[in-house]
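Here numbering that gives the first Met the number 0 is used: position 28 in the sequence shown is 27, and no number is missing along the way. Glycine residues also receive a C-beta, built at the ideal position from the N, C-alpha and C atoms. What you are looking at is a predicted structure, and each value in this text was computed from that prediction instead of being measured. One structure is given here, and the rest of the page talks about it.
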Amino acid sequence: MRQLALVILVSAVTAAVYGPIALLWWRRARVRGQMLRLVAAVEPEPYHMALLRQEATEAAAAELVLGGYLRIDEEGAAFLTEQGRDPARAPAHPMPAALLEAVRRHDPEPVSIGWIDWCDDGYLEQRGAYRSERDALLPELPRMPDRAGNQFLACCSCVGIVLVMFFWVLAGALLVTGRPQGLREWACAVVAGLGLSALLLAEKAGRVVRERTECGDPLGDLVRSAPHPAFAALDEEQRMLVLRSIGDRHTWRGADTVVHEEADEEDDEDDEWLDDKVWWEDAYEYRATDEDEPEAKGPSSG
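Structural data, given as structure tokens:
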């Protein structure tokens, strides 16, 4: 009789523990499938994917270099070619067209692509408008159900774990102390033992459910799947020049100003020499004043 009651209680508690785990599996598998279907339906646009990777300006500069609109020298300064100065010619895509327009605003002065990427208001506005337009076409992905942000469910889980462990200890003690009599009681004892073993594996089962139904970041994987075709088409030297111009955000500023680092260093050296000169002049004046004071006091004492 004890074994029969024990197997009923153990079975009920095991079902109560594994029921939410099975429900979590079903919900996460459903959300995972829906998320993968939505991402599979996305038609990737190369410049939008590059923009999500923070590489759109590099891709636009690469297309302008390949198209003959732009040339970049060894110092990272970008110049327009004859084709780039022709107002009737421009790339069809808005991103390289916006970058070409920004370079034209600074022509004939050299400008770095990095400075335009960070400081040119017109280019930044056009890039932001393009991103807003393309982001609106992306599907809204469902969120994977997770209890991490729900404190109430977390507290309930902690209380449930404590109660289950208390029940497991009590049921284990009853199972060990009572000797089964007959085939039926032995069968009940075996089922109860299997139920208690399953309760020990409940935490691992929940972890396996999360691992098996985790889909990661499918949209991010799509974004990072391949570089922009224009940037990939550059040879090694062209790629190095584009990256050098992108990394220079201070030296070449187009029509606004061109910073000459050597001249700045010379100015700093001149300032230091002037400071030293003023210091020595002040020291000489103080020394001369000290020497004149005894002569001034001599006649008055006589």
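Uninterrupted alpha helix (DSSP H) stretches at least 4 residues long and entirely within the region 185-228 occur at 201-211, 217-222, given in chain order. Three or more Cβ pairs closer than 8 Å define a contact, and the region 66-80 falls short of that threshold against the region 25-38. By the C-beta density criterion, Leu162 is exposed, having fewer than 16 other C-beta atoms within 10 angstroms. In the structure shown, Arg104 adopts helical secondary structure according to DSSP, grouped into three states. With respect to the 9 Å criterion, Tyr17 and Ala201 are classified as neighbours on the basis of their beta carbons. If the five residues before and after Ala87 are omitted, its C-beta is found closer than 7 Å to no C-beta atom of its own chain. Judged by their CB atoms, Val102 and Gly83 are nearer to each other than the 9 Å cut-off. For Arg84, the uninterrupted alpha helix (DSSP H) segment begins and ends at 81-84. By the criterion of a C-beta distance shorter than 6 Å, Arg252 is surrounded in its chain by Trp114, once the five residues flanking it on both sides are discounted. Its chain contains no residue whose beta carbon lies nearer than 6 Å to that of Ala15 once the 5 sequence neighbours on both sides are disregarded. A Cβ-Cβ contact shorter than 9 Å links Ala58 with Phe230. Exposure of Glu236 is indicated by the presence of fewer than 16 other C-beta atoms within 10 angstroms of its C-beta. In the three-state reduction of the DSSP assignment, Arg70 falls in the strand class. Residue state for Arg178 is assigned as coil, using DSSP reduced to three classes. Taking 8 Å as the upper bound for CB-CB distance, Arg130 and Leu50 are in contact here, some 5 Å apart. Around the C-beta of Arg206, fewer than 16 other C-beta atoms lie within 10 Å, and the residue is accordingly described as exposed. The beta carbons of Ile160 and Asp247 sit no closer together than 9 Å.
Taken atom to atom, the span from the alpha-carbon of Tyr46 to that of Gly194 is near 56 Å.
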